[in-house]
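Numbering (my numbering), first residue to last: 319 to 570. Virtual Cβ for every residue (Gly too), placed ideally from N, Cα, C. What follows is a set of notes on a single structure, which appears directly below.
Spelled out as structure tokens, the structure:
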């Protein structure tokens, strides 16, 4: 599954999480990569330097994906700097744990702005570029098992993931005639900056582990292989699908 000569934009690549692991895996497979971050770009800059040292082209781009205009401009800047975008990985996410009865309008809107509207804006902008270019493309939505399951204190978050699933399926239908595939990756419990503090609680970690048949918390690299597959020619006939990466969490 080689990606030499391909270019990718990965959102949310500036943390120690899934976006960074996906960007690394795409670069290892031969792709040039634009790394998106918001506010703190130190890790993205370090990763880009490593990519360049290995012969890949890499760009570091900042954008607030809660702002649809900024989200669209991010895609355009990636096209300008890399020449094109063949692969879009929508991964950046806002996350918080709030009991439903305490959930505010502001927090609901904040999470939806990034997780759902941000995916729409970047996805539409990338698709427009791919259609105009006429050579197809790959759009990968990093969702969550919460696109079909629910958890306490996450009503706002799970609502966005259900929306992302349906958005991706609708996009897959409309973009298929243009040779553009749109697929989802649904991770389970993955140890990232978003939930590292939560998983540091032995009771919380134990409760999570009890429901995972493979008996361990996932690592970002567990998700990255699915992204490389979906970005490659091996997945040319796969669209509107979800690859679940959860250690068996949702088997039952």
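| query | result |
| --- | --- |
| Can you tell me whether DSSP reads residue 411 as helix, strand or coil? | coil |
| What number of angstroms, rounded off, separates the C-alpha of residue 395 from the C-alpha of residue 379? | 8 Å |
| Just how far apart, CA to CA, sit residue 424 and residue 530? | 33 Å |
| In angstroms with no decimal places, state the Cα-to-Cα distance between residue 387 and residue 508. | 30 Å |
| How far does the alpha helix (DSSP H) with residue 475 in it reach, from first residue to last? | 473-493 |
| Relative to the C-alpha of residue 500, which candidate in 473, 438, 521 has its C-alpha closest? | 438 |
| Throw me the rounded Cβ distance for the residue 460 and residue 407 pair, which I believe falls under 8 Å. | 7 Å |
| Between 353, 473, 376, 371, which has its C-alpha nearest residue 323's C-alpha? | 376 |
| Considering only their Cβ atoms, is the gap separating residue 409 from residue 336 smaller than 8 Å? | yes |
| Give the single residue among 473, 392, 495 whose Cα lies nearest to the Cα of residue 419. | 473 |
| Over what stretch of residues does the beta strand (DSSP E) that includes residue 507 continue unbroken? | First-last for residue 507: undefined, no H or E at that position. |
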